[in-house]
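Residue numbers (our numbering): 5 to 62. Don't be surprised by glycine CBs; every beta carbon is placed ideally from N, CA and C. Scroll down for the structure; my scribbles are underneath it.
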């Protein structure tokens with residue numbers, strides 16, 4: 005059960021990165037919007053990191 009939870013979190017991380025890349029591409033050359041998107045993405049990743057332990061014991 006717990007292993008599935010971490011696999012789901014890894015999927016969330018991968019999906020969020022894919023979304024970030026698609027949004028960045030759609031923004032074109034707007035560097036200000038890129039900066040806002042990047043900071044929002046980092047904030048989201050930090051929140052996800054609180055749910056994933058750094059040393060998984062299997």
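Shortest alpha-carbon distance to residue i belongs to which of the options?
i	options	result
residue 24	52, 45, 54 and 34	45
Output the distance between the C-alpha atoms of residue i and residue j, rounded to the nearest integer angstrom.
i	j	result
residue 34	residue 27	12 Å
residue 50	residue 29	23 Å
residue 62	residue 14	Any reading at residue 62 is ruled out, since the residue's pLDDT is 47, under 50, leaving its predicted position unreliable.
residue 39	residue 48	14 Å
residue 43	residue 19	17 Å
residue 53	residue 12	13 Å
residue 37	residue 22	17 Å
Can the beta-carbon of residue i be found closer than 9 Å to that of residue j?
i	j	result
residue 16	residue 31	no
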